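Peer 1: Residue numbers (our numbering): 117 to 405.
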Amino acid sequence: MTISPKLIAYLEEDIAGGDITTSAIVPKGKTSAVIVSKDDGIIAGLSEAKDIFNYCGADAEIKKADGSRVAKGDIVMEISGDSHAVLMAERTALNIIGRMSGIATKTARISAKIKRINPKCNVAGTRKTSPGFREYDKKAIFLGGGDPHRYNLSDAFLIKDNHLELCTIADAVAKAKAYSVYKLVEIEVENTADALAAAAAGADIIMFDNMTPDMIKRTIAALSEKYIGKGITIEVSGGIREENLGDYVIPGVDRISMGELTHSVKNFDVSLDVKPALKTVNIVKTVKI
117 MTISPKLIAY LEEDIAGGDI TTSAIVPKGK TSAVIVSKDD GIIAGLSEAK DIFNYCGADA
177 EIKKADGSRV AKGDIVMEIS GDSHAVLMAE RTALNIIGRM SGIATKTARI SAKIKRINPK
237 CNVAGTRKTS PGFREYDKKA IFLGGGDPHR YNLSDAFLIK DNHLELCTIA DAVAKAKAYS
297 VYKLVEIEVE NTADALAAAA AGADIIMFDN MTPDMIKRTI AALSEKYIGK GITIEVSGGI
357 REENLGDYVI PGVDRISMGE LTHSVKNFDV SLDVKPALKT VNIVKTVKI
């Protein structure tokens, strides 16, 4: 089988010198188990969990598709195999399902709120992901219906405030486009004047960073006559939370990027339940003589 080296690394972090509890007290032999959802939401990470169980020597059957909606009590995976293999893989598999499903569920909830106001506006993630887990954080955003945004620094140009301390907007955009004609050029701005300069320079995406809703409206109005609707994507970010989300779903905004999709997500609750082994009951018959 083929398994990502990252998944093996997550598993080895947990196994370390071996599962001493299982080795000491659990007899080897075939067992079966189920993974049960204990929350309502979007399930994710099942394909990764299956790979982990398979790598440890157990069989796993996915019962709900990644990205599908599940309810509390739903069985999302059935597992069978040697008891040591099942228990060794348990925590790593549950951690991955729990985090990815939490991200997917939050993304889906926020996306639905945005779409009710503006069906053309999307929610996007950021690079504020868990170290070593970005691939799966981003996949979870996608499964929840969001835009993963850049996966890494080489994915697209994103010219930020610290870059602009060292060069002008026009110079930065020109140099980025000269560096690669195939990569999108996004630039972060904090006021209307810089947004106009970015548009004039030919930026593909303009991110309004930490602007108030009123400032966003004024900046879009300033851009609208010449630039809006002519291939420039408008993104807003900074200070946006689920509680104030509606204030930022403004006509002209194409996507809203939110770090909280990944940096402060609530884990989705799942559990692995091993089916109990049959126990032999000794029945002593009393015989009357």
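The beta carbon of each residue, even a glycine, is placed where N, CA and C say it ideally should be. A quick note: this is a predicted structure, and the numbers were derived from the prediction, not measured.
1. Under a Cβ-count criterion, where at least 16 other Cβ atoms within 10 Å of its own Cβ denotes burial, should Lys-342 be classed as buried or exposed?
2. Residue ranges of each beta strand (DSSP E) run of no fewer than 3 residues wholly in the segment 288-327, ordered along the chain?
3. To the nearest whole angstrom, what separates the beta carbons of Glu-302 and Asp-277, a pair I think is in contact under 8 Å?
4. Counting only beta-carbon atoms, is Ser-199 nearer than 7 Å to chain B?
5. Determine, using beta carbons only, whether Ser-88 and Val-152 come nearer to each other than 7 Å.
6. Using three-state DSSP, classify Arg-215 as helix, strand or coil.
7. Should Ser-380 go down as buried or exposed, given a rule of 16 or more other Cβ atoms within 10 Å for buried?
8. Check each candidate in Ser-184, Ile-178, Arg-334, His-200 and name the one with the smallest Cα separation from Val-192.
9. Return helix, strand or coil for Asp-385, following the three-state DSSP convention.
10. Since I believe Asp-389 is in contact with Ala-149 (beta carbons under 8 Å), could you give me their beta-carbon distance rounded to a whole number of angstroms?
11. When the Cα of Thr-245 is compared with those of Glu-376, Pro-392, Arg-334, Lys-154, which residue comes out closest?
12. Does the separation of the CB atoms of Gly-174 and Gly-197 fall below 7 Å?
13. Just to confirm, are Ile-119 and Asp-182 a CB contact at a threshold of 7 Å?
14. What three-state label does DSSP hand Ser-270 in the structure shown?
15. Does the distance from the C-beta atom of Ile-226 to that of Val-365 stay below 7 Å?
16. At the level of alpha carbons, what is the spacing between Arg-215 and Pro-247?
17. Between which two residues does the alpha helix (DSSP H) carrying Asp-330 extend?
18. What is the rounded straight-line gap between the Cα of Lys-239 and the Cα of Ile-275?
19. For Thr-224, which residues in the same chain have their Cβ closer than 7 Å to its Cβ, ignoring the five residues on either side in sequence?
20. Along the chain, where does the beta strand (DSSP E) containing Ala-165 start, and where does it finish?
21. Please find out if some non-hydrogen atom of the ligand SAM comes closer than 6 Å to the beta-carbon of Val-390.
Peer 2: With the given structure in hand:
1. exposed
2. Entirely contained in the segment 288-327, the beta strand (DSSP E) runs reaching 3 residues are, in chain order, 301-305, 321-325.
3. Not a contact, Cβ separation roughly 13 Å.
4. Checking the listed chains, one finds no chain B in this structure; it contains a single protein chain.
5. Residue 88 falls outside the range modelled here, since the chain spans only 117 to 405, and no answer is possible.
6. helix
7. exposed
8. Ile-178
9. coil
10. 6 Å
11. Among Glu-376, Pro-392, Arg-334, Lys-154, the Cα nearest to that of Thr-245 is on Glu-376.
12. Just to set this straight, residue 174 is Ala in the shown sequence, not Gly. Going by C-beta atoms, Ala-174 is nearer than 7 Å to Gly-197.
13. no
14. coil
15. No.
16. 13 Å
17. 329-340
18. For clarity, residue 239 is Val in the given sequence; the question names Lys instead. Cα to Cα, the separation comes out at about 20 Å.
19. Residue identity differs from the one stated: residue 224 is Ala in this sequence, not Thr. Answer for Ala-224: Ile-158, Gly-260, Gly-261, listed in chain order.
20. Unbroken run through Ala-165 is the alpha helix (DSSP H), 162-172; no beta strand (DSSP E).
21. As far as ligands go, the structure on display features none, and thus does not contain the ligand SAM.
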